[in-house]
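Residue numbers (my numbering), protein chains in the order written: chain V, 14 to 227; chain G, 14 to 227.
Written below as structure tokens is the structure these notes are about.
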DNA sequence: TAATTGATTGAATGCGCATTCAATGGAATT
DNA sequence: AATTCCATTGAATGCGCATTCAATCAATTA
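Structure follows, in structure tokens:
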């Protein structure tokens, strides 16, 4: 029965690991815990149990629970930024394709899973009184909104859309992103990734009919 | 200096008050506390201090802290519902006017103050793991979305908008409502009530050009 | 006026959790 | 092999908070 227990080479689990690995493990576990129990229900005991590590490690690798939460949000924000930034930086894409890519990124499974959405809104719920939480997202949100506005300006000029307002459209886009996210979290049956992306493309098609088709 | 202290008739403060009054006071104080410190930072000590009442009263007038929070959300939801429902019920308004009224209600100062928005999103942040929180808002949200869909259907028929999809538009509207709310909370400088209402009316004008004007 | 009822008070209780830290493990260096 | 150094452990600490409850207060009824 207990065969081969003295040479578990395939399952080498060194007791120690480099700090960056531990930090990543703890952040992953934090995401899982927040998605399961909310921020107020997330305890260090729970996080470390989820990660299979011992309680004291959080305060060793992070300064405090608060630092862990802030880092978790930063990680999430960075992951999201990278996804749409990659498309925006490609110079083989024109403005239309880039705007489409930003919409796609917004609803990409990697950042838009039920699990991650619940974490995002857990943080938004606390953002009002947590300067640190707001800082992570505000910079990135502003950046994306300005990029969208630039792309809209380019499209408006290219298509001679006299009546359209790039700033207004980008502000509306930003709200559609957030609004669909919230509704996908709250009412997943009615609001799916497909529905969200399709509706936003439909919106773009009504404002820029020569560039997008419904 | 201490004149007229023995007959404070103008400031009669009876020690006791009917339960409904106390409940309302406590709910008001809860809204204030959540907006200031978030749900996790809201303590019964804080709430009762804010209300000028004593600690034990919460568990006397409500079953528990959790019940107080649920009742607070219910109160908020009912206030909001009443605002747009009043317009929808008027039979002197046509579909176009009713849809406009729903948009106005969504950004009415009474329900869309910074204070209340922060409370809404505090609850949304916990909604994923709190069945009770979801129940309050889901019923009302669904109701409003279906009413909007009906109004859109009516307008589509009235205006012969062949290519438009009532369900899709109402779903987009719902997301615009929530998305602008979130952005108004997070970035109040850029996202004001006026901007939000105007952009949503602009959206309606692009999909229903014969009924709404930008 | 006395008795009854319901509202109010706040000190006391006990639990849950973030944080600390002395002890241990084990990899790298000498 | 001995030493050094950093990662790891988890029991112990102490605080903050929801909840309880016996005592108090005042309005209402008898």
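Even for Gly, the Cβ is constructed at its ideal location relative to N, Cα and C.
When Cβ atoms are compared, which residues of the region 38-49 of chain G fall closer than 8 angstroms to chain V?
-> 48 and 49
Ordered along the chain, which non-local residues of its own chain (more than five positions away) have a Cβ less than 6 angstroms from that of residue 119 (chain G)?
-> 190
How would you call residue 73 (chain V), buried or exposed, if buried means at least 16 neighbouring beta carbons within 10 angstroms?
-> exposed
So, is residue 69 (chain G) buried or exposed, given that buried needs 16 or more other C-beta atoms within 10 angstroms?
-> exposed
When we look at the beta-carbon of residue 143 (chain G) and count the other beta-carbons within 10 Å, is it buried (16 or more) or exposed?
-> buried
Cα-Cα separation between residue 211 (chain G) and residue 220 (chain V), rounded to whole angstroms | 15 angstroms
Considering residue 74 (chain G), what are the terminal residues of the alpha helix (DSSP H) in which it resides?
-> 70-74
Are any of the Cβ atoms in chain V nearer than 9 angstroms to that of residue 96 (chain G)?
-> no
Kindly indicate if chain G contains any beta-carbon less than 9 angstroms away from that of residue 142 (chain V).
-> yes
Nearest chain V C-beta to residue 71 (chain G) closer than 9 angstroms, yes or no?
-> no
Could you check what DSSP says for residue 28 (chain V) in three-state terms: helix, strand or coil?
-> coil
Tell whether a beta-carbon distance below 9 angstroms holds between residue 113 (chain G) and residue 204 (chain G).
-> no
Residues near residue 171 (chain G) in its chain [Cβ-Cβ closer than 8 angstroms; skip 5 each side] | 108 and 224
Comparing the C-beta of residue 176 (chain V) with each C-beta of chain G, is any distance below 9 angstroms?
-> yes
What are the start and end residues of each continuous alpha helix (DSSP H) run of 4 or more residues lying completely inside the region 74-148 of chain G, in chain order?
-> 78-102, 108-119 and 127-140
Chain G partners of residue 87 (chain V), CB-CB under 8 angstroms?
-> None at all; the shortest Cβ gap to chain G is about 16 angstroms.
Residue 196 (chain G) versus residue 81 (chain V) - alpha carbon distance = 25 angstroms
Quick one, which residues of the region 203-220 of chain V are near chain G if we go by CB-CB under 9 angstroms, in chain order?
-> 203, 204, 208, 209, 211, 212, 213, 215, 216, 219 and 220
Quick one: is residue 113 (chain V) near chain G, going by C-beta distance under 9 angstroms?
-> no
Whole-angstrom Cβ separation of residue 141 (chain G) and residue 198 (chain V), contact assumed at under 8 angstroms?
-> 7 angstroms
At 9 angstroms on the CB atoms, spell out the chain G contacts of residue 184 (chain V), in chain order.
-> 193, 196, 203, 204, 208, 209 and 212
Proximity test, Cβ basis, 9 angstroms: residue 51 (chain V) and chain G | yes
Does the beta-carbon of residue 159 (chain G) have 16 or more other beta-carbons within 10 angstroms, so that it is buried, or is it exposed?
-> exposed
Taking C-beta pairs closer than 7 angstroms, name the residues in chain G that residue 135 (chain V) reaches, listed in chain order.
-> 138
Minimum Cβ-Cβ distance from residue 190 (chain G) to chain V less than 9 angstroms | yes
Spatial neighbours of residue 168 (chain G) within its chain, please: CB distance less than 7 angstroms, with the 5 preceding and 5 following residues excluded, ordered by chain position.
-> 108, 109, 221 and 224
Assumed close pair residue 133 (chain G), residue 194 (chain G) - CB separation to whole angstroms, cut-off 8 angstroms | 7 angstroms
Residue 165 (chain G) - DSSP class collapsed to helix/strand/coil = helix
With 9 angstroms set as the bound, which would you pick, yes or no: does the beta-carbon of residue 30 (chain G) sit closer than that to a beta-carbon of chain V?
-> no
The region 38-48 of chain G touching the region 57-65 of chain G, judged by at least three CB pairs closer than 8 angstroms | yes
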